[in-house]
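To start, the structure under review is shown below, and the notes come after it.
Residue numbers (my numbering), protein chains in the order written: chain A, 8 to 460; chain B, 8 to 460.
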């Protein structure tokens, strides 16, 4: 008698109609994300693969998969587009990678609100919503491949956060539909603050099925590059534009020299050694934006209307946020990056001080935004000329000693990253409720819920 | 031979087709504005009347009037809806009141931008723009009677400034068409920063014919009143809502007890002694707004959808900004008011400190907004139990000694008010260029331009 020998095989037999991926190279690829941006994570996460990947297309398929995994105690790692940088999608203890990209229906759009299944790619969400005059409030630079569930589970915000703040700001996420990882899975709608307890914990405290988000008016966005001869002029222009309440905008990205030199495919617009601001403002705000450029001594080297962007299918968005890092890594493999948050009001001073202290080794790439408290400030995704892990940690400590918050992107355990210590009790309570057996990518969260007696 | 004896009579003879108002009581009424809010201005401006009022309907009529006045050296005082509080529309040395309300065509609307003649009432501008999905970014509570030219010439911002900042923030006013007061008047388009040199100087350095403004998406605005038992809870809720980047909003008004008790027509929604926040948020932001209310222990006592507001033709807007003062004055004639600006970041502390120091005599009514620098803070239009001018000035000094900026609304000379001293050189240069003979409401501006040699 040839009884199935492993829980994974039992799973496949029990759910033969599911779209399974078993080919080892494909499974390996679907067990990776962009954590290779970090030489540390690349080393630490090497070889961590799922046993199998499932790509369900319906809620019913997800429910059956989840039920079986709960009964056989098989770990599940939820995956969106695999564009995360923290090993979000890397299964630490094997099991099933739950690839959500097939569960991708756009559900509805109303004025200011839209809802879709978690696996929808952001570009597709926007295409649907824009037909009604609306679009996502903030998207990562990876919007072509990233999913809505991935943005919610592992993202922060991005292009648009200069107006709407991070995804976690009240009103940006209105609700999620989530499923418990239990033999008899429950499907529950969480609203507002409660929904946000599943945000940015990488799918470790619940599997999200649908997401309802606040939308922004889909303005025609003009894309421009403005270059400057001096670091301070570029920084001050970026800050002034970021604070200009009457200039409607979606993106203000500052690349200090020599970062622009790495953007090879834009070289004709970025004179060697320049400091550059890449920006998206509404076309109707171009005139006041240009006045601001002139006042700060900038030069507009690139200008594309919304229509030109649409027809060319190329956008500056794919040079901002972590695409800056990606583009630089294409040129110089020895680079890595950091993520830092500056104190609103002191941010310009902090940026200048750090440039003085570490310029040359740490290359400034800042993104202006409204923080969770609603203040206009900047964050940075600095490029770092990587030498050793020790030096990287030294650099992190220098930032921290200067009052700059670092969200270390070179660790993969939740408590070591942005959470910076214990996870909040309400986040853990959600874990207890939605993953009582601790099967969601075990190891990603150090703390595990109390087992029910 | 009966030759005309006065320049005014000559003016009438020269321009017989103009819509002249000569009836003394009507001229007197059209020489007044809402400066009676201030007992000091009421006394100081008493009896200051024009000799005649002209109400032109075309640019050509304005041009001929201006030319004649220049030739006969007749002062002109420009008037919009007469809703100002600083004696903007009060002619200090007689002459002609140029009532712009007949010059009121809506010119055009494009995505994010609209343009109209200066005399258009704001309510009519919005009606036209809203048909295309757009509306004014900020309006005063007097939007039904105030004109676009009046808002530009004598206003600050208002409902909407919580998102777009004051009218003076770059991008809110894109351009104006203005006419010089000369025998051969020139008509000139001023853009951006240059246009703003004519902003908030009460029509003393140029006559504005048309105004082009940045527009906001016309969202369906929900109107709510939230009441609180404690001053601090209401203040903190207002501040949290003001800072909530993901909650789309148009108005956050804080009336500390006993101010709500004066809003007689809303008494059923304002329990005696309550502290109240009146707010407009987009209907799609209601859910996160209500979560914020719950977190701060507030009670929603009033809720009207955009459609309910539209059909009832009653709006909370007409209880905010200086309508709060107006409503309170209906109940208690001994009240007057102040205008103050708090320092962003320290504003809550300053508000609490001033309440402790002067509560009872100065009744807090604050309006949250983004200031010119783009920071979220609040301004206040406090009610003051008026006793004497000396005590009023003492109160002003107490505010100033505590770091709170006061724009004294009890003075009528420009340099004594918000300008606080000399007018900027570029504002004066504009005066020189557009009113070389100093005929625009002489006396309103203490400094007069150099006469050309």
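Beta carbons are placed, not taken as given, at the ideal position from N, Cα and C, and that holds for glycine.
Cutoff 6 Å; reference residue 163 of chain B; Cβ partners in own chain excluding five residues on either side: 173
Where residue 375 of chain B falls: helix, strand or coil (DSSP): strand
Cβ-Cβ separation, residue 326 of chain B to residue 334 of chain B (assumed contact under 8 Å), whole Å: Contact flag correct, Cβ pair sits at about 6 Å.
Any C-beta of chain B under 9 Å from that of residue 383 of chain A: yes
Members of the stretch 289-308 of chain B that neighbour chain A once the beta carbon cut-off is set at 9 Å: 289, 290, 291, 292, 294, 295, 296, 297, 298, 299 and 302
Residue interval of the beta strand (DSSP E) (run including residue 107 of chain B): Run containing residue 107 of chain B: none; DSSP gives neither H nor E here.
Contact set between residue 119 of chain A and chain B, taken where Cβ atoms lie within less than 9 Å: 226, 227, 255, 289, 290, 291 and 292
Limits of the alpha helix (DSSP H) - the one that residue 162 of chain A falls within: Per DSSP, residue 162 of chain A belongs to no alpha helix (DSSP H) and is neither H nor E.
Inter-stretch contact at 8 Å, needing at least 3 Cβ pairs: the stretch 151-160 of chain A / the stretch 85-94 of chain A: yes
Stretch pair the stretch 281-301 of chain B + the stretch 238-255 of chain B: three plus CB contacts closer than 8 Å: yes
Alpha-carbon to alpha-carbon, residue 146 of chain B and residue 278 of chain B: 28 Å
9 Å Cβ cutoff met for residue 22 of chain B and residue 68 of chain B: In this structure, residue 22 of chain B sits near residue 68 of chain B, with a CB-CB distance shorter than 9 Å.
Start and end residues, alpha helix (DSSP H) containing residue 35 of chain A: 31-36
DSSP bridge partner residues for residue 311 of chain B (one or two, in chain order): B:230
Proximal residues to residue 60 of chain B (C-beta, below 6 Å), its chain only, five neighbours per side dropped: Closer than 6 Å at the Cβ level, and outside the excluded window around residue 60 of chain B, lie 28, 34, 37, 104 and 106.
Three-way DSSP call (helix, strand, coil) for residue 201 of chain A in this model: Residue 201 of chain A falls in the helix class under three-state DSSP.
The stretch 341-356 of chain A / the stretch 402-419 of chain A touching (three or more Cβ pairs under 8 Å): Taking a cut-off of 8 Å for Cβ pairs, the stretch 341-356 of chain A and the stretch 402-419 of chain A touch, as three or more such pairs fall below it.
According to DSSP, residues forming a beta bridge with residue 461 of chain B: Residue 461 of chain B falls outside the range modelled here, since chain B spans only 8 to 460, and no answer is possible.
Same chain only: Cβ atoms within 7 Å of residue 51 of chain B, ignoring 5 sequence neighbours per side: 419
C-alpha gap between residue 377 of chain A and residue 441 of chain A, whole angstroms: The straight-line gap from Cα to Cα measures roughly 31 Å.
Option nearest residue 94 of chain B by Cα separation, candidates B:176, B:111, B:160 and B:315: B:160
Per DSSP, cross-strand counterpart(s) of residue 285 of chain B: B:232 and B:260
Proximal residues, the stretch 329-345 of chain A versus chain B, C-beta separation under 9 Å: Within the stretch 329-345 of chain A, no residue has a Cβ that lies closer than 9 Å to any Cβ of chain B.
Proximity test, Cβ basis, 9 Å: residue 250 of chain B and chain A: yes
CB of residue 57 of chain B within 9 Å of CB of residue 102 of chain B, strictly: yes
Cα-Cα separation between residue 382 of chain B and residue 375 of chain B, rounded to whole angstroms: It is roughly 11 Å from the alpha-carbon of residue 382 of chain B to the alpha-carbon of residue 375 of chain B.
Three-state class that DSSP yields for residue 241 of chain B in the structure shown: In the structure shown, the three-state DSSP call for residue 241 of chain B is helix.
Residue 22 of chain B in three-state terms, based on DSSP: coil
Inter-stretch contact at 8 Å, needing at least 3 Cβ pairs: the stretch 241-250 of chain A / the stretch 206-218 of chain A: no
Integer-rounded CB distance, given that residue 276 of chain A should sit under 8 Å from residue 232 of chain A: Their Cβ separation, rounded to whole angstroms, is 5 Å, which keeps residue 232 of chain A and residue 276 of chain A in contact under 8 Å.
Cβ separation of residue 113 of chain B and residue 135 of chain B, assumed to be a contact under 8 Å, to the nearest whole Å: Residue 113 of chain B to residue 135 of chain B, Cβ: 4 Å. Contact.
Beta-carbon gap between residue 47 of chain B and residue 368 of chain B smaller than 9 Å: no
Extent of the continuous alpha helix (DSSP H) run through residue 2 of chain B: Residue numbering for chain B in the displayed model covers 8 to 460; residue 2 of chain B lies beyond these limits and cannot be assessed.
Contact with chain A by residue 243 of chain B, beta-carbon distance below 9 Å: For residue 243 of chain B, the answer is no, since every Cβ of chain A falls outside 9 Å of its Cβ.
Span of the beta strand (DSSP E) around residue 142 of chain A: 141-143
9 Å Cβ cutoff, residue 310 of chain A in contact with chain B: no
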